[in-house]
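Protein chains: 4
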Amino acid sequence: MLDAADDLLVERGFSGVTMEGIAVRAGVAKQTIYRWWKSKVDILLDTLVDDAEQPLAWRPGSSPAAPEEELTDQLGRVAAFLQEPAGQVLLSLIGHAQLDPETAAKLRDGFLREQRERDLAGLGALLARHTGRPVDERLTGRLLDAALGPIFHQALVLGRPADPATLATTARLVLDAAGREPVPGAGRSSDAE
Amino acid sequence: MLDAADDLLVERGFSGVTMEGIAVRAGVAKQTIYRWWKSKVDILLDTLVDDAEQPLAWRPGSSPAAPEEELTDQLGRVAAFLQEPAGQVLLSLIGHAQLDPETAAKLRDGFLREQRERDLAGLGALLARHTGRPVDERLTGRLLDAALGPIFHQALVLGRPADPATLATTARLVLDAAGREPVPGAGRSSDAE
Amino acid sequence: MLDAADDLLVERGFSGVTMEGIAVRAGVAKQTIYRWWKSKVDILLDTLVDDAEQPLAWRPGSSPAAPEEELTDQLGRVAAFLQEPAGQVLLSLIGHAQLDPETAAKLRDGFLREQRERDLAGLGALLARHTGRPVDERLTGRLLDAALGPIFHQALVLGRPADPATLATTARLVLDAAGREPVPGAGRSSDAE
Amino acid sequence: MLDAADDLLVERGFSGVTMEGIAVRAGVAKQTIYRWWKSKVDILLDTLVDDAEQPLAWRPGSSPAAPEEELTDQLGRVAAFLQEPAGQVLLSLIGHAQLDPETAAKLRDGFLREQRERDLAGLGALLARHTGRPVDERLTGRLLDAALGPIFHQALVLGRPADPATLATTARLVLDAAGREPVPGAGRSSDAE
DNA sequence: TTATAACCGAGACGGTACGTCGCGTCTTAGT
DNA sequence: ACTAAGACGCGACGTACCGTCTCGGTTATAA
Numbered sequence: 001m002l003d004a005a006d007d008l009l010v011e012r013g014f015s016g017v018t019m020e021g022i023a024v025r026a027g028v029a030k031q032t033i034y035r036w037w038k039s040k041v042d043i044l045l046d047t048l049v050d051d052a053e054q055p056l057a058w059r060p061g062s063s064p065a066a067p068e069e070e071l072t073d074q075l076g077r078v079a080a081f082l083q084e085p086a087g088q089v090l091l092s093l094i095g096h097a098q099l100d101p102e103t104a105a106k107l108r109d110g111f112l113r114e115q116r117e118r119d120l121a122g123l124g125a126l127l128a129r130h131t132g133r134p135v136d137e138r139l140t141g142r143l144l145d146a147a148l149g150p151i152f153h154q155a156l157v158l159g160r161p162a163d164p165a166t167l168a169t170t171a172r173l174v175l176d177a178a179g180r181e182p183v184p185g186a187g188r189s190s191d192a193e
Numbered sequence: 001m002l003d004a005a006d007d008l009l010v011e012r013g014f015s016g017v018t019m020e021g022i023a024v025r026a027g028v029a030k031q032t033i034y035r036w037w038k039s040k041v042d043i044l045l046d047t048l049v050d051d052a053e054q055p056l057a058w059r060p061g062s063s064p065a066a067p068e069e070e071l072t073d074q075l076g077r078v079a080a081f082l083q084e085p086a087g088q089v090l091l092s093l094i095g096h097a098q099l100d101p102e103t104a105a106k107l108r109d110g111f112l113r114e115q116r117e118r119d120l121a122g123l124g125a126l127l128a129r130h131t132g133r134p135v136d137e138r139l140t141g142r143l144l145d146a147a148l149g150p151i152f153h154q155a156l157v158l159g160r161p162a163d164p165a166t167l168a169t170t171a172r173l174v175l176d177a178a179g180r181e182p183v184p185g186a187g188r189s190s191d192a193e
Numbered sequence: 001m002l003d004a005a006d007d008l009l010v011e012r013g014f015s016g017v018t019m020e021g022i023a024v025r026a027g028v029a030k031q032t033i034y035r036w037w038k039s040k041v042d043i044l045l046d047t048l049v050d051d052a053e054q055p056l057a058w059r060p061g062s063s064p065a066a067p068e069e070e071l072t073d074q075l076g077r078v079a080a081f082l083q084e085p086a087g088q089v090l091l092s093l094i095g096h097a098q099l100d101p102e103t104a105a106k107l108r109d110g111f112l113r114e115q116r117e118r119d120l121a122g123l124g125a126l127l128a129r130h131t132g133r134p135v136d137e138r139l140t141g142r143l144l145d146a147a148l149g150p151i152f153h154q155a156l157v158l159g160r161p162a163d164p165a166t167l168a169t170t171a172r173l174v175l176d177a178a179g180r181e182p183v184p185g186a187g188r189s190s191d192a193e
Numbered sequence: 001m002l003d004a005a006d007d008l009l010v011e012r013g014f015s016g017v018t019m020e021g022i023a024v025r026a027g028v029a030k031q032t033i034y035r036w037w038k039s040k041v042d043i044l045l046d047t048l049v050d051d052a053e054q055p056l057a058w059r060p061g062s063s064p065a066a067p068e069e070e071l072t073d074q075l076g077r078v079a080a081f082l083q084e085p086a087g088q089v090l091l092s093l094i095g096h097a098q099l100d101p102e103t104a105a106k107l108r109d110g111f112l113r114e115q116r117e118r119d120l121a122g123l124g125a126l127l128a129r130h131t132g133r134p135v136d137e138r139l140t141g142r143l144l145d146a147a148l149g150p151i152f153h154q155a156l157v158l159g160r161p162a163d164p165a166t167l168a169t170t171a172r173l174v175l176d177a178a179g180r181e182p183v184p185g186a187g188r189s190s191d192a193e
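Protein chains in written order, with the UniProt record's numbering: chain A, 1 to 193; chain B, 1 to 193; chain C, 1 to 193; chain D, 1 to 193.
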């Protein structure tokens with residue numbers, strides 16, 4: 001059933017994914033689908049969990065590598081992921097989340113929250129290695145936005161893959177900012193990260 | 001008709017905007033709507049053009065003002081805009097663009113392209129004032145992504161308004177990067193901006 | 001305009017005759033049509049008056065001719081008329097009269113009433129010549145129904161042209177009945193003719 | 001659903017019978033109607049089969065009764081039927097058959113063909129009892145037209161119930177013609193009955 | 001070994017919205 | 001003054017999916 005949904009999304013786009021269509025393609029009764037999922041969104045969320053976690057994982061710091069190259073690589077993997085079918089599922093769900101609060105809640109409380117935790121851990125470790133000291137989590141959060149923001153901006157708003165130059169610029173920006181930041185978290189109170 | 005569509009979007013969300021509903025609320029025949037717009041997306045695109053240009057305009061450089069404050073203010077206006085009804089229209093359309101290529105094409109070839117041109121001009125001018133020399137347009141493009149990316153990332157992916165700390169961090173990042181960049185556009189060839 | 005309506009009826013059938021279509025075909029604005037006719041039915045009624053009277057006229061008794069042959073000829077003309085375009089207009093209007101009381105009223109108070117008067121006069125004269133004495137008008141009415149009934153029955157109900165044998169049988173029946181009828185109109189009171 | 005259609009026809013006439021209206025009145029979804037019938041004409045055809053067969057049946061010859069009275073009674077039942085709601089359905093469908101060939105085909109290949117067979121059998125038996133010998137079927141057909149023609153002519157063309165005098169005249173005409181017809185079917189070749 | 005229940009495919013059902021057609025009325029330019 | 005052109009409010013069309021709801025017909029134990 002997950003496969004049927006996935007295939008339909010690739011072949012016919014999000015609006016081509018219908019409970020009716022999935023049922024026919026999977027050779028299954030609609031009722032059977034409703035027994036397991038409340039809506040097509042829930043189905044796609046399940047495919048996302050299956051297909052997205054691994055490609056978005058932070059590689060375990062091939063230790064002596066330059067942090068900048070490491071970060072650029074990771075951003076490159078994110079950008080590449082968004083071009084694949086599983087990435088299209090994510091973009092579709094983020095898209096649909098703009099139109100439907102329930103989708104938004106499920107997506108953000110589920111996959112996106114977990115992925116952000118993984119990203120915070122990955123980026124935090126990388127920055128610590130880079131600066132030689134632990135990094136404030138709120139700062140890491142802001143730098144994560146600075147790192148992922150351009151990629152998602154290009155994908156969601158401009159509708160094109162992030163180009164390598166942007167990725168490199170972004171990585172350098174983030175690392176510079178992390179190095180320059182004086183005392184971790186000192187005195188900053190308006191941070192809502 | 002545009003108002004009716006706008007109101008429905010605010011009251012009932014994107015899926016609550018139906019041709020049928022607009023017609024009833026505007027006291028108009030469906031056919032009349034179809035005579036002027038091909039779909040509800042086109043209607044919303046028109047409301048966008050009406051309502052989004054002015055709030056997103058770059059203020060004409062209150063001359064001696066610090067560029068960092070100026071940029072932070074502009075980013076704040078963008079973030080604030082996304083919280084307003086007109087901003088919800090934009091976010092909805094960007095969301096729908098993920099689900100429907102035709103929407104994507106219209107949105108990007110229309111409003112988004114024009115807005116990006118205004119943004120490039122605005123940011124370019126600001127950077128030139130900041131650095132004291134003209135700035136390469138491709139660099140400006142990348143820095144624009146760096147500036148807007150976090151805001152849209154927070155809005156679209158995390159579903160929350162961008163916090164002031166993020167805006168300030170982002171503005172500083174962008175200006176630092178512009179100042180550091182040695183020779184405008186020198187030697188870079190993989191730039192697809 | 002009458003021609004346009006006529007043509008459309010022949011080419012596309014009654015439901016293919018639309019005010020919109022007549023206007024386009026006649027190169028005329030709808031409003032102009034409404035200035036002269038209230039509906040497409042009225043237009044067709046006008047074409048009927050133009051095209052039906054002459055073909056349905058009773059030939060002026062080629063005197064010594066056998067009445068039976070004369071009557072058969074007249075019935076043949078009626079049957080043939082119903083096969084022609086003008087006859088199709090009549091059948092269509094009679095058909096539509098079953099569905100719409102207003103059409104029924106206009107058709108019966110107009111063309112059909114006048115045609116029935118011509119038929120009564122024609123048949124009455126023929127019967128008088130045949131029997132050698134004047135014929136009661138109510139009897140003539142009943143015999144007119146007996147004469148036309150089978151033709152319209154075949155056309156409207158069975159959907160086929162009346163065959164010559166039926167016409168001959170019918171003509172003989174009618175003349176026999178007229179000859180046998182003892183005293184014109186004597187004693188009959190329930191006649192509503 | 002059939003009842004809803006029937007009621008609407010009586011209350012609002014043929015053009016007041018709409019799929020939309022039937023659905024609302026029957027408390028049913030439009031799609032459900034379309035699942036079972038292609039058009040409102042098919043629905044009315046079904047009501048016809050339910051409601052018309054019995055009232056139009058030939059009574060089984062209360063044996064010694066005078067054939068003339070028997071035939072007059074039968075014609076009276078036909079005339080009375082056309083005044084009832086079920087008869088209005090028949091007249092409407094015959095009317096619509098003049099406007100739409102598909103309706104014509106369905107009506108004539110279905111109900112009308114079957115009813116004609118029943119009529120031929122009924123009239124044939126009556127004539128055989130009257131004349132004392134079997135009657136040629138083609139002759140029976142012509143006499144059936146002679147019998148029913150005036151009734152339908154009055155209903156469809158003149159728009160009024162057939163009066164008793166006409167029915168009596170018609171019955172006598174038909175029986176006289178049957179008695180006089182010398183040798184069943186002898187020599188007649190142009191008969192297309 | 002049989003019964004009995006859980007589960008399934010199939011698809012009918014009441015709905016909502018779709019995008020289209022023709023209606024009859026109206027407004028607007030152009031001659 | 002009258003026209004063609006066509007926009008307008010309207011009501012119905014026939015279609016696509018929605019999510020809910022019976023239906024029989026398997027399996028797959030439990031008696």
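We treat Cβ as the ideally placed atom computed from N, Cα and C, and that holds for glycine.
- Here A/Pro101 is exposed, its C-beta having fewer than 16 other C-beta atoms within 10 Å.
- What B/Val28 touches in chain A, judged by beta-carbon distance under 9 Å, is nothing: the nearest beta carbon there is about 24 Å away.
- Among the residues facing chain B, A/Val157 is included, as its CB has a counterpart in that chain under 7 Å away.
- The contact set of A/His153 on chain B, defined by CB atoms closer than 7 Å, consists of Asp145, Leu148, Gly149, Phe152 and His153 in chain order.
- Taking a beta-carbon distance threshold of 7 Å, A/Ala104 counts as an interface residue toward chain B.
- Flagged as an interface residue toward chain C: D/Thr166, by a C-beta distance shorter than 7 Å.
- Contact between A/Lys38 and A/Met19 is absent: CB atoms are separated by about 10 Å, not below the 8 Å threshold.
- Classified as buried, D/Lys106 has 16 or more neighbouring CB atoms from the shown chains inside 10 Å of its CB.
- Put simply, the CB of C/Gly179 is far from chain D, with every gap to its CB atoms at 7 Å or more.
- Minimum Cα-Cα distance from D/Phe111 among the listed residues D/Arg129, D/Asp50, D/Tyr34 and D/Leu173 corresponds to D/Asp50.
- Taken through DSSP and simplified to helix, strand or coil, D/Ser15 comes out as helix.
- The CB of A/Gly95 comes closer than 8 Å to the CB of Ile94, Gly95, His96, Ala97, Gln98 and Leu99 in chain B, given here in chain order.
- With a threshold of 7 Å between beta carbons, B/Leu45 makes no contact with chain A.
- For D/Arg142, the chain C residues whose C-beta falls within less than 7 Å of its own C-beta are Ala165, Thr166 and Thr169, listed in chain order.
- Apart from sequence neighbours up to five positions away, the residues of its chain that approach A/Ala162 with a beta-carbon distance below 6 Å are Ala79, Ile151 and Gln154, ordered along the chain.
- Comparing alpha carbon positions, the residue from D/Thr140, D/Thr131 and D/Leu90 closest to D/Gly122 is D/Thr140.
- Out of B/Leu158, B/Thr166, B/Tyr34 and B/Glu114, the CA that lies nearest to the CA of B/Ala57 is found in B/Glu114.
- Contact annotation: C/Leu148 and D/Leu156 have beta-carbon atoms that are not nearer than 7 Å.
- Residues of chain A with a Cβ closer than 8 Å to the Cβ of B/Phe14 are, in chain order, Gln98, Leu99 and Asp100.
- A/Ser15 counts as exposed, since fewer than 16 other C-beta atoms from the protein chains shown sit within 10 angstroms of its C-beta.
- By a beta-carbon distance limit of 8 Å, C/Leu44 does not contact C/Leu75. Their separation comes to about 25 Å.
- No Cβ of chain B is located within less than 7 Å of the beta carbon of A/Arg59.
- With its beta carbon at least 7 Å from every one in chain C, D/Leu71 lies outside the interface.
- Of the candidates D/Ala29, D/Asp3, D/Leu175 and D/Ala52, D/Leu175 places its Cα closest to the Cα of D/Thr131.
- Within the same chain, and ignoring the five residues on either side of C/Met1 in sequence, the residues whose Cβ sits closer than 6 Å to its Cβ are Ala26.
- Listed in chain order, the non-local C-beta contacts of B/Leu91 below 8 Å within the same chain comprise Leu82, Ala155 and Leu156, local neighbours out to five positions each way being set aside.
- Here D/Gln31 is exposed, its C-beta having fewer than 16 other C-beta atoms within 10 Å.
- Around B/Thr169, the same chain offers no residue with a beta carbon nearer than 6 Å, after the five sequence neighbours per side are excluded.
- Going by C-alpha positions, D/Ala86 is about 8 Å away from D/Thr47.
- A Cβ-Cβ contact shorter than 7 Å links C/Leu173 with D/Ala177.
- Counting only residues of its own chain and dropping the five nearest sequence neighbours on each side, D/Val17 has a CB closer than 7 Å to the CB of Ala5, Leu8, Leu9 and Lys40.
- Relative to the Cα of D/Glu11, the nearest Cα in the group D/Arg180, D/Glu84 and D/Tyr34 belongs to D/Glu84.
- Look at A/Leu120: its C-beta is not under 7 Å from any C-beta on chain B.
- C-alpha of D/Ala146 to C-alpha of C/His96: approximately 25 Å in a straight line.
- D/Arg77 has a beta carbon lying at 7 Å or more from every beta carbon in chain C.
- Shown here for B/Ala29: same chain residues with a beta carbon closer than 7 Å to its own, the five before and five after excluded, namely Ala23 in chain order.
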